[in-house]
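First the structure, in the form of structure tokens, and then the observations on it.
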Amino acid sequence: MTIKIQARAAAPIALLFSLAAGSHATEDQLTPVLARVLTPPAATVQTDGRWQLPYELVLTNITSAPMTIEALEARDPDREGLVVHSLTDEMIAPSLALLGGVSSSTLGPGQSGVLFVNASFERREDVPKRLAHRLVITSPDPKPPLPKRTVQDVAPSHVEPVAPAVLGPPLRGHGWVAAASCCEAYHRRAVLAVNGARHVAQRFAIDWLQLDAEARLATGDPTRNESFPQFGAEAVAVADAKVAHVHDGLPDGQPGSFPPAVTAATANGNHVVLDLGAGRWALYAHLQPGSLRVKRGDRVERGHVLGLVGSSGNSDAPHLHFQVMDSPSPLASNGLPYVIDSFELRGNVASSSDLNDELEAANEPVSVVPTDGPTHRTNQLPADRALVDFP
Ligand SMILES: [Zn+2]
Numbered sequence: 200m201t202i203k204i205q206a207r208a209a210a211p212i213a214l215l216f217s218l219a220a221g222s223h224a225t226e227d228q229l230t231p232v233l234a235r236v237l238t239p240p241a242a243t244v245q246t247d248g249r250w251q252l253p254y255e256l257v258l259t260n261i262t263s264a265p266m267t268i269e270a271l272e273a274r275d276p277d278r279e280g281l282v283v284h285s286l287t288d289e290m291i292a293p294s295l296a297l298l299g300g301v302s303s304s305t306l307g308p309g310q311s312g313v314l315f316v317n318a319s320f321e322r323r324e325d326v327p328k329r330l331a332h333r334l335v336i337t338s339p340d341p342k343p344p345l346p347k348r349t350v351q352d353v354a355p356s357h358v359e360p361v362a363p364a365v366l367g368p369p370l371r372g373h374g375w376v377a378a379a380s381c382c383e384a385y386h387r388r389a390v391l392a393v394n395g396a397r398h399v400a401q402r403f404a405i406d407w408l409q410l411d412a413e414a415r416l417a418t419g420d421p422t423r424n425e426s427f428p429q430f431g432a433e434a435v436a437v438a439d440a441k442v443a444h445v446h447d448g449l450p451d452g453q454p455g456s457f458p459p460a461v462t463a464a465t466a467n468g469n470h471v472v473l474d475l476g477a478g479r480w481a482l483y484a485h486l487q488p489g490s491l492r493v494k495r496g497d498r499v500e501r502g503h504v505l506g507l508v509g510s511s512g513n514s515d516a517p518h519l520h521f522q523v524m525d526s527p528s529p530l531a532s533n534g535l536p537y538v539i540d541s542f543e544l545r546g547n548v549a550s551s552s553d554l555n556d557e558l559e560a561a562n563e564p565v566s567v568v569p570t571d572g573p574t575h576r577t578n579q580l581p582a583d584r585a586l587v588d589f590p
């Protein structure tokens, strides 16, 4: 210790200055944009074989001047600050949702936004245990003492160490499409303000649709629920579980339009929430009225039929919305990662617009890119638009 102090004291002044400039951890910083990780990230592995780590940074400009986010670096403090993910230039605006969902790289005075980060890794051991973040921010006319360009080291977080839940499939049979699976589609972007806080309950949610043998979304009149092959399919328990909540009595909507006046109480339609244990709950939403086969408090075994796929609640066509979350509340919870233990991956639907055109092109086959590689998959989360067969 004595030797180290003597060595510092003897160092040239220029060297001391450069040491100070490089030691971000020991200096106070002006941070015109506050930043925090919404909830500690948790990883899952998808059918492309990559480990996905989706999380959100809540940014708030606390100055009276506009602040533009020029770059974000996510770093691994346990690997000497290795940059594990970065967003720059034109990648910022589409990733930053201001209030009301407007995309921009500039936070106005006093404005808050959510920056969506989708880091991904080749192997599980590459996923960091902790994260640190560096933001580069510019402002055309900052008030002194703020400079025109600020580099902030902010928003440290741990990464959840637990492995994703291993579950059975929520449905049976062939031709199921994982619509809006993680991490770029609408579920991921659904940051809901519930009970006074932001929640991303749907971070790993999937809307399950079914294609018929000719890869069509519907046959016949696409304004009728009965024209869709998944209408009436059995939704089944993904694990041995206890029924935590059921809701029944809401009508199925008509395909092609969302029902008016959806509320927090009706958004999920007729639904079942299973308590999977270990702080995890599973939601099955939009079931047919009168189709629920379980009641609150029931114990169910994996594969037990819970209800029939319908289109109740905030739904514009029959589908099963399935998600895993950290509380029994479908809205005021944090979406948790999971994998399905065994399924066949047939391919990927080429375009999300193919899935959204259920009225215009329901009777036309959707374009599917066949699986490149082995089709039998274990312990993976079907990626967005994956086409899978369940046992
Ligand atoms: Zn959904």
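Sequential numbering from 200 applies to the sequence shown in this note's numbering. Ideal Cβ placement from N, Cα and C applies to all residues, glycine included.
Nearest to Val-548 by alpha carbon, out of Ala-432, Leu-416, Val-445? Leu-416
Excluding sequence positions up to five away, which residues of its chain have a Cβ less than 8 Å from the Cβ of Arg-278? Pro-327
As assigned by DSSP and simplified to three states, the class of Asn-578: coil
Three-state secondary structure (DSSP) of Ala-292: Per DSSP, reduced to three states, the secondary structure at Ala-292 is helical.
Consult DSSP for Leu-586 and reduce its assignment to one of helix, strand or coil. strand
Delimiting residues of the beta strand (DSSP E) encompassing Asp-474: 469–476
Considering only residues of the same chain and omitting the five flanking positions on each side of Thr-574, which have a CB-CB separation below 7 Å? Correct list, in chain order: Glu-543, Leu-544, Arg-545.
C-alpha gap between Asp-447 and Asp-411, whole angstroms: Cα to Cα, Asp-447 sits roughly 28 Å from Asp-411.
Helix, strand or coil, according to DSSP, for Glu-321 in the structure here? Look at Glu-321 here: in three-state DSSP terms it is coil, with no helix or strand label.
Where Asn-562 falls: helix, strand or coil (DSSP): coil
Which residues DSSP lists as bridging Ala-434, in chain order: Leu-370, Gly-506
Closest residue to Arg-333 among Asp-275, Gln-409, Val-399, Ala-379 (Cα-Cα distance): Asp-275
Under 7 Å from any heavy atom of ligand 1, does the C-beta of Ala-466 make it? no
Secondary structure at Asn-555, three-state DSSP: helix, strand or coil? helix
Just jot down, in chain order, the residues whose CB lies closer than 5 Å to any heavy atom of ligand 1. Those residues whose C-beta sits under 5 Å from the nearest heavy atom of ligand 1 are, from N- to C-terminal order along the chain, Asp-406, His-520.
Between Leu-271 and Leu-281, how many whole angstroms is the CB-CB distance? I'm expecting something under 8 Å. Under the criterion of beta carbons closer than 8 Å, Leu-271 and Leu-281 do not qualify as touching, at roughly 15 Å.
Alpha carbon to alpha carbon, how far is His-386 from Ser-532? The alpha-carbon separation between His-386 and Ser-532 amounts to approximately 14 Å.
Pick out the complete beta strand (DSSP E) segments inside the segment 299–361, 3 residues or longer, and give them in chain order. 311–320, 329–337, 348–357
Helix or strand or just coil, what does DSSP make of Pro-573? coil
Lys-346 versus Val-437: straight-line alpha-carbon distance, rounded: The sequence shown places Pro at residue 346, not Lys. Roughly 54 Å separates the two Cα atoms.
Asn-260 - containing beta strand (DSSP E), residue span: 250–260
Rounded to a whole number of angstroms, what is the C-alpha to C-alpha distance between Val-435 and Glu-383? 27 Å
Compute the beta-carbon to beta-carbon distance between Ser-356 and Arg-323, rounded to the nearest angstrom, for a pair I have assumed lies under 8 Å. Between Arg-323 and Ser-356 the Cβ distance is about 18 Å, and since that is not below 8 Å, they are no contact.
In or out: Phe-315 buried (at least 16 other Cβ within 10 Å) or exposed? buried
Taking only three categories from DSSP, how would you classify Asp-277? helix
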